Amino acid sequence: MRKAECLKMQKISPTTKIAKLAKTTTSEKNYYGKAYKGLYHYYLRAVMTHDLVKISLFNAEWIKEGNKESQYDIFIDTEDCRYISAEKNKDGSVKSWRTAMINNLISWESYYYRSYKATSWSNEATDKKFRKALGQKGKAFQAVSNYQSNILAERIKKKEAKECAEWDRDMKPIKELPKNFKDWIRRKCIKDHFIFYRYSKNIKKGFCSLCNCEVDISGMEPKNNKKDVCPKCKSRVTFKSAGKIKTLTSGVAYAQMVQAYPGGHVIRYVRARMYYRRSEYWAPLIDIYEYRRAIHGNAAHSDYAWDKYKNKCMRWLPTMSSWYYDDAAVLYPRGINLLPNAEHLKEITKTQHQEISIGKWSKRMVRGSLYEKLANAGFYKLLCELINRYSWELEEFTEDSELHKALKLDKMRLKRLKAMNGGSRELEWLQTEKRANRIWPDEMIRLFSDAGYNTRTFSFISDHMTYPQIWEYLKKQYRDHGYTWDYTYTCWRDYIDMAKKLKIPLDLERNYKPKDVRISHNEALDMLQGKDIEAEARRIDRKWKKLKRTYPKLEKYEYTGKEYQIIAPKSTGDIVREGMILKHCVHSCDFYFDRISTNESYILFLRKVSDPKQPYYTLEVEPSGNIRQKRTTGDRQNDDFKDAKEFLARWQRAIQKKLSKEDKALGKKSNDLRIKELKELRKNGNRVWHGVLQGKLLADVLEADFMPVMQEAQ
Ligand SMILES: [Zn+2]
Numbered sequence: 000m001r002k003a004e005c006l007k008m009q010k011i012s013p014t015t016k017i018a019k020l021a022k023t024t025t026s027e028k029n030y031y032g033k034a035y036k037g038l039y040h041y042y043l044r045a046v047m048t049h050d051l052v053k054i055s056l057f058n059a060e061w062i063k064e065g066n067k068e069s070q071y072d073i074f075i076d077t078e079d080c081r082y083i084s085a086e087k088n089k090d091g092s093v094k095s096w097r098t099a100m101i102n103n104l105i106s107w108e109s110y111y112y113r114s115y116k117a118t119s120w121s122n123e124a125t126d127k128k129f130r131k132a133l134g135q136k137g138k139a140f141q142a143v144s145n146y147q148s149n150i151l152a153e154r155i156k157k158k159e160a161k162e163c164a165e166w167d168r169d170m171k172p173i174k175e176l177p178k179n180f181k182d183w184i185r186r187k188c189i190k191d192h193f194i195f196y197r198y199s200k201n202i203k204k205g206f207c208s209l210c211n212c213e214v215d216i217s218g219m220e221p222k223n224n225k226k227d228v229c230p231k232c233k234s235r236v237t238f239k240s241a242g243k244i245k246t247l248t249s250g251v252a253y254a255q256m257v258q259a260y261p262g263g264h265v266i267r268y269v270r271a272r273m274y275y276r277r278s279e280y281w282a283p284l285i286d287i288y289e290y291r292r293a294i295h296g297n298a299a300h301s302d303y304a305w306d307k308y309k310n311k312c313m314r315w316l317p318t319m320s321s322w323y324y325d326d327a328a329v330l331y332p333r334g335i336n337l338l339p340n341a342e343h344l345k346e347i348t349k350t351q352h353q354e355i356s357i358g359k360w361s362k363r364m365v366r367g368s369l370y371e372k373l374a375n376a377g378f379y380k381l382l383c384e385l386i387n388r389y390s391w392e393l394e395e396f397t398e399d400s401e402l403h404k405a406l407k408l409d410k411m412r413l414k415r416l417k418a419m420n421g422g423s424r425e426l427e428w429l430q431t432e433k434r435a436n437r438i439w440p441d442e443m444i445r446l447f448s449d450a451g452y453n454t455r456t457f458s459f460i461s462d463h464m465t466y467p468q469i470w471e472y473l474k475k476q477y478r479d480h481g482y483t484w485d486y487t488y489t490c491w492r493d494y495i496d497m498a499k500k501l502k503i504p505l506d507l508e509r510n511y512k513p514k515d516v517r518i519s520h521n522e523a524l525d526m527l528q529g530k531d532i533e534a535e536a537r538r539i540d541r542k543w544k545k546l547k548r549t550y551p552k553l554e555k556y557e558y559t560g561k562e563y564q565i566i567a568p569k570s571t572g573d574i575v576r577e578g579m580i581l582k583h584c585v586h587s588c589d590f591y592f593d594r595i596s597t598n599e600s601y602i603l604f605l606r607k608v609s610d611p612k613q614p615y616y617t618l619e620v621e622p623s624g625n626i627r628q629k630r631t632t633g634d635r636q637n638d639d640f641k642d643a644k645e646f647l648a649r650w651q652r653a654i655q656k657k658l659s660k661e662d663k664a665l666g667k668k669s670n671d672l673r674i675k676e677l678k679e680l681r682k683n684g685n686r687v688w689h690g691v692l693q694g695k696l697l698a699d700v701l702e703a704d705f706m707p708v709m710q711e712a713q
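At position 604 of the sequence shown (counting the first as 1) the number is 603 in numbering that gives the first Met the number 0, and the numbers step up by one without a gap.
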């Protein structure tokens with residue numbers, strides 16, 4: 000703006016009409032300082048040349064004091080669409096030049112004096128002038144305000160268009176995903192596969208979602224949700240009766256692909272999921288969501304995320320090249336040649352579902368590193384697991400040039416690791432074995448590793464038993480009673496914990512190695528019931544001081560239907576009583592109280608309306624209403640629960656209205672925590688090894704128990 004020219008413009012004084020009106024404005028002292036009463040605090044007058052408008056704002060107080068000067072002069076260049084304001088001293092000199100809009104010039108005063116609402120006055124002739132010069136409607140003040148907002152909006156639009164153009168230029172060389180990409184996702188990334196069948200007396204044909212064609216299943220006795228192996232592709236599959244599914248969803252798969260980019264390459268990250276519908280289970284929808292593009296080449300920004308742009312639209316936005324984005328994912332085989340050590344990556348892509356973080360690969364696969372040695376020796380599973388780790392998870396490996404020494408093994412154990420195609424868990428077991436100077440069965444190491452067990456898993460009992468003895472015990476509990484390893488493990492650990500509290504002598508074999516782990520677990524629970532409920536509750540309340548404050552908040556989750564009702568605990572004693580009567584471990588497992596204290600999840604009771612005092616099912620519920628777990632007598636879930644499912648879905652809908660913003664935020668956090676935990680379990684591939692759920696991912700077992708209100712954030 001031409002300040003000098005502005006200052007040369009004609010001087011404006013308040014009219015007699017304005018001076019008269021100003022007298023009606025009075026002020027009085029209040030708590031904040033001054034409070035104005037009266038009609039208007041500001042009076043507007045204007046003059047204009049062919050391309051400049053000068054608006055003077057007269058302060059009522061100043062006029063009353065007999066001052067003829069304006070407090071602010073605003074100059075608008077109607078040709079260049081620019082504006083500037085002069086804040087003035089009472090002698091008419093310029094105090095400072097300001098770029099703020101008219102509303103913001105005076106808003107601090109209305110804020111400061113609280114009781115005063117900034118109003119302004121201008122006469123009809125002035126308003127007319129403004130409307131004409133600025134092309135706006137309304138009174139003068141409003142016309143200036145609108146005109147300035149438009150200029151600002153235009154400026155932002157231009158700035159946005161400029162930055163978006165730059166980002167679009169970076170995105171332009173990136174082509175469509177390859178035509179066979181979806182099919183590759185289905186074959187190599189998606190882990191859950193199904194054989195669909197139509198119910199009949201003698202079922203002969205089924206449709207395998209991995210083979211993508213009909214397969215012969217005569218003699219296989221398909222049952223809905225039964226696990227089996229596809230006779231054609233030999234992969235683990237789940238039978239699904241087509242009549243029973245509505246929409247079936249697979250777990251989320253992560254994939255990445257490398258494509259050429261000017262000056263280098265781009266790595267594209269996607270999440271994918273399959274949806275099968277009853278009517279067309281042979282033609283599933285594959286939902287592919289690309290969420291990140293990392294460019295190593297000639298681009299203005301190296302990292303882009305698909306994200307919301309200024310709350311307006313979704314688009315590719317430059318983002319911090321952050322470590323947490325270095326997700327491990329299955330690598331699409333084409334384009335690998337653009338990456339360092341491509342020959343090894345080719346080997347890695349040959350393994351089904353093997354995930355690798357390319358970001359970390361590029362940083363860590365340096366000459367002479369342990370990673371390079373592992374690759375050269377063909378330890379691809381271990382290599383991927385170590386590469387994918389966060390830097391703080393990386394164990395100290397020695398710098399030794401010989402691989403077996405670097406891994407803290409010997410030559411014989413290195414051979415065994417290779418033979419079992421071991422990963423980091425197998426390595427840890429072999430290292431422990433070496434330190435203990437023992438030889439343990441390879442099969443035990445392999446199965447323990449697959450189940451996700453390490454030495455810390457058994458720390459509760461390893462003082463009393465060797466690992467092969469533990470293995471034998473787990474196998475025997477399955478053989479004799481049909482308990483899965485995970486069931487035996489949890490029951491056993493809880494039993495030992497309770498036995499310590501009950502002072503049962505644990506140096507006796509029959510006490511630390513009970514014949515039937517379930518019976519001993521429940522007997523110990525019975526004995527603990529003898530302890531005063533209130534005393535136990537007091538102990539818990541002392542440990543988690545926030546509990547007492549949490550219970551009143553749970554009242555809003557209560558709900559009564561025709562047959563069932565949800566009751567919230569009023570005290571820790573209620574939870575202890577419920578757990579003791581149903582003989583599950585909610586009250587004796589500390590982490591449930593930990594979760595309540597941190598608002599990660601709550602405990603609620605499902606009861607029958609006909610018998611509201613009798614514990615029926617205990618629910619672990621996220622603040623949003625998502626149900627994580629439902630348990631009844633002896634840690635089991637009975638068939639009768641299916642009846643209550645509909646009621647619970649209704650309850651979830653009903654409480655949504657009662658939830659506060661805070662509850663929803665907590666719910667989101669809790670949801671994220673659970674997804675992270677499940678993802679971790681899934682990545683580690685922890686599986687249930689025996690019993691009815693054999694071969695099932697532990698994460699699937701937990702997820703099957705889960706009843707969401709919210710859709711997972713996609
Ligand atoms: Zn198949």
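Note that the Cβ used here is the ideal one computed from N, Cα and C, for glycine as well. Note that the coordinates shown come from a computational prediction; the quantities given were computed from them, not determined experimentally.
Checklist entry - Any C-beta of chain D sitting closer than 8 angstroms to the C-beta of residue 197? => result Of the chains in the structure shown, none is chain D; there is only one protein chain.
Checklist entry - Once you ignore the five residues that flank residue 222 on each side, which residues in its own chain have a CB closer than 7 angstroms to its CB? => result The residue given as residue 222 occupies position 223 in the sequence shown. Contacts found: 238.
Next on the checklist: Run through the DSSP bridge pairs and tell me what residue 95 is partnered with.
Outcome noted: Here residue 95 refers to the residue found at position 96 of the sequence shown. 86.
Checklist entry - Unbroken alpha helix (DSSP H) runs of length 4 or more, entirely within the segment 339–369: which are they? => result If we require 4 residues or more, the alpha helix (DSSP H) runs fully inside the segment 339–369 come out as 341–348 and 357–363.
Checklist entry - How long is the line joining the alpha carbons of residue 97 and residue 20, rounded to whole angstroms? => result Here residue 97 corresponds to residue number 98 of the sequence shown, with the count starting at 1. Here residue 20 corresponds to residue number 21 of the sequence shown, with the count starting at 1. In this structure, the CA atom of residue 97 is about 28 angstroms from the CA atom of residue 20.
Checklist entry - With respect to 7 angstroms, is the separation between the Cβ of residue 717 and the closest non-hydrogen atom of ligand 1 below this value? => result Here the chain comprises residues numbered 0 to 713, so residue 717 is not present and cannot be evaluated.
Next on the checklist: Assuming residue 196 and residue 202 are in contact, meaning their beta carbons sit under 8 angstroms apart, how far apart are those beta carbons, in whole angstroms?
Outcome noted: Here residue 196 is taken as the residue at index 197 of the sequence shown, counted from 1. Here residue 202 is taken as the residue at index 203 of the sequence shown, counted from 1. Their Cβ separation, rounded to whole angstroms, is 5 angstroms, which keeps residue 196 and residue 202 in contact under 8 angstroms.
Item to check | Of the listed residues 159, 2, 175 and 594, nearest to residue 265 (C-alpha basis) | outcome: If you number the sequence shown from 1, residue 265 lands on position 266. Of the candidates 159, 2, 175 and 594, 175 places its Cα closest to the Cα of residue 265.
Checklist entry - Would you say residue 317 and residue 308 are within 8 angstroms of each other, going by their C-beta atoms? => result Here residue 317 refers to the residue found at position 318 when the sequence shown is read from its first residue. Here residue 308 refers to the residue found at position 309 when the sequence shown is read from its first residue. Not in contact: residue 317 and residue 308 (Cβ atoms no closer than 8 angstroms).
Checklist entry - Does the Cβ of residue 234 lie closer than 7 angstroms to at least one heavy atom of ligand 1? => result Here residue 234 refers to the residue found at position 235 of the sequence shown. Yes, ligand 1 has a heavy atom inside 7 angstroms of this Cβ.
Checklist entry - Where residue 596 and residue 505 are concerned, what is the direct C-alpha to C-alpha distance, given to the nearest angstrom? => result Walking along the sequence shown from the start, residue 596 turns up at place 597. Walking along the sequence shown from the start, residue 505 turns up at place 506. In this structure, the alpha-carbon of residue 596 lies about 33 angstroms from that of residue 505.
Next on the checklist: Going by C-alpha to C-alpha distance, which of 259, 119 and 218 sits closest to residue 200?
Outcome noted: One-based indexing of the sequence shown puts residue 200 at position 201. For residue 200, the nearest C-alpha among the options comes from 218.
Checklist entry - Between 75, 191, 207 and 675, which lies nearest to residue 48 when the distance is taken from Cα to Cα? => result Here the question's residue 48 lines up with position 49 in the sequence shown. Of the candidates 75, 191, 207 and 675, the one whose C-alpha sits nearest the C-alpha of residue 48 is 75.
Checklist entry - Going by the CB atoms, is the gap between residue 600 and residue 663 shorter than 8 angstroms? => result By one-based count along the sequence shown, residue 663 stands at place 664. By one-based count along the sequence shown, residue 600 stands at place 601. No. Outside cutoff.
Checklist entry - Nearest-angstrom Cα distance between residue 72 and residue 158? => result Here residue 72 is taken as the residue at index 73 of the sequence shown, counted from 1. Here residue 158 is taken as the residue at index 159 of the sequence shown, counted from 1. Cα to Cα, residue 72 sits roughly 28 angstroms from residue 158.
Item to check | Exposure label - residue 70; buried when at least 16 CB within 10 Å | outcome: Numbered from its first residue, the sequence shown carries residue 70 at position 71. Around the C-beta of residue 70, 16 or more other C-beta atoms lie within 10 Å, and the residue is accordingly described as buried.
Checklist entry - How is residue 295 classed by DSSP in three states: helix, strand or coil? => result By 1-based counting over the sequence shown, the position of residue 295 is 296. Residue 295 sits in a strand when the DSSP states are folded into three classes.
Checklist entry - If you drop the 5 nearest sequence neighbours on each side, which residues of the same chain put their C-beta closer than 8 angstroms to that of residue 441? => result Residue mapping note: residue 441 aligns to position 442 of the sequence shown, counting from 1. Around residue 441: 415, 418 and 419.
Checklist entry - Are the beta-carbon atoms of residue 43 and residue 139 separated by less than 8 angstroms? => result Position 44 of the sequence shown, counted from the first residue, corresponds to residue 43. Position 140 of the sequence shown, counted from the first residue, corresponds to residue 139. With a cutoff of 8 angstroms on beta-carbon distance, residue 43 and residue 139 are scored as near each other.
Item to check | N-terminal and C-terminal residue of the alpha helix (DSSP H) that residue 471 is part of | outcome: Start at 1 with the first residue of the sequence shown, and residue 471 comes out as number 472. Where residue 471 is concerned, the enclosing alpha helix (DSSP H) starts and stops at 466–480.
Item to check | ligand 1 heavy atom lying under 7 angstroms from the CB of residue 214 | outcome: As a working mapping, residue 214 is identified with position 215 in the sequence shown. Correct: residue 214 has its Cβ closer than 7 angstroms to ligand 1.
Checklist entry - Anyone know if the C-beta pair for residue 55 and residue 11 falls short of 8 angstroms? => result Your numbering for residue 55 matches position 56 in the sequence shown. Your numbering for residue 11 matches position 12 in the sequence shown. Contact flag set, yes.
Item to check | For residue 498, the residue or residues it bridges with in DSSP | outcome: By one-based count along the sequence shown, residue 498 stands at place 499. Listed as beta-bridge partners of residue 498 by DSSP are no residues whatsoever.
Item to check | CA nearest to the CA of residue 573, picked from 229, 536 and 281 | outcome: The count along the sequence shown starts at 1 and reaches residue 573 at position 574. Of 229, 536 and 281, the residue nearest in Cα terms is 536.
Checklist entry - Between residue 409 and residue 446, what straight-line distance do the alpha-carbon atoms span, to the nearest angstrom? => result Position 410 of the sequence shown, counting from 1, holds the residue named residue 409. Position 447 of the sequence shown, counting from 1, holds the residue named residue 446. When rounded, the distance between both Cα atoms is 22 angstroms.
Checklist entry - Under a three-way DSSP split, which group does residue 135 fall into? => result On the sequence shown, position 136 is the one that residue 135 refers to. Collapsing the DSSP output to three states places residue 135 in coil.
Item to check | DSSP bridge partner residues for residue 317 (one or two, in chain order) | outcome: Counted from its first residue, the sequence shown places residue 317 at position 318. 303, per the DSSP bridge assignment.
Checklist entry - My guess is that residue 339 and residue 364 are in contact by the Cβ rule of under 8 angstroms, so how many angstroms apart are they, rounded? => result Against the sequence shown, residue 339 aligns to sequence position 340. Against the sequence shown, residue 364 aligns to sequence position 365. That pair is a contact at about 6 angstroms.
Checklist entry - Mind checking whether residue 564 and residue 608 have CB atoms under 8 angstroms apart? => result For the purposes of this step, residue 564 is taken as residue 565 along the sequence shown, with counting starting at 1. For the purposes of this step, residue 608 is taken as residue 609 along the sequence shown, with counting starting at 1. For residue 564 and residue 608, yes; Cβs fall inside 8 angstroms.
Next on the checklist: Quick check: residue 356 and residue 385, are their CB atoms within less than 8 angstroms of each other?
Outcome noted: The count along the sequence shown starts at 1 and reaches residue 356 at position 357. The count along the sequence shown starts at 1 and reaches residue 385 at position 386. Judged by their CB atoms, residue 356 and residue 385 are not nearer to each other than the 8 angstroms cut-off.
Checklist entry - Under the rule that 16 or more other beta-carbon atoms within 10 Å means buried, what is residue 615, buried or exposed? => result In the sequence shown, counting from the first residue as 1, residue 615 sits at position 616. Answer is buried; the Cβ neighbour count reaches 16.
Item to check | Supposed contact pair residue 346 and residue 253 - C-beta distance, whole angstroms, cut 8 angstroms | outcome: In the sequence shown, counting from the first residue as 1, residue 253 sits at position 254. In the sequence shown, counting from the first residue as 1, residue 346 sits at position 347. Contact doesn't hold; Cβ gap of about 20 angstroms is too wide.
Next on the checklist: Please state the DSSP three-state secondary structure of residue 610.
Outcome noted: Residue mapping note: residue 610 aligns to position 611 of the sequence shown, counting from 1. Residue 610: strand per DSSP, three-state reduction.
Checklist entry - When you compare each of 120, 526 and 198 to residue 137 by their alpha carbons, which one comes out closest? => result The sequence position of residue 137 within the sequence shown is 138, counting from 1. Taking each of 120, 526 and 198 in turn and checking the Cα distance to residue 137, the smallest one comes out for 120.
Checklist entry - Which partner residues of residue 212 appear in the DSSP bridge assignment? => result Within the sequence shown, the letter at position 213 stands for residue 212. Bridge partners of residue 212: 207.
Checklist entry - Regarding residue 225 and ligand 1, is the C-beta to nearest heavy atom distance less than 7 angstroms? => result One-based indexing of the sequence shown puts residue 225 at position 226. False, no ligand heavy atom lies under 7 angstroms from that Cβ.
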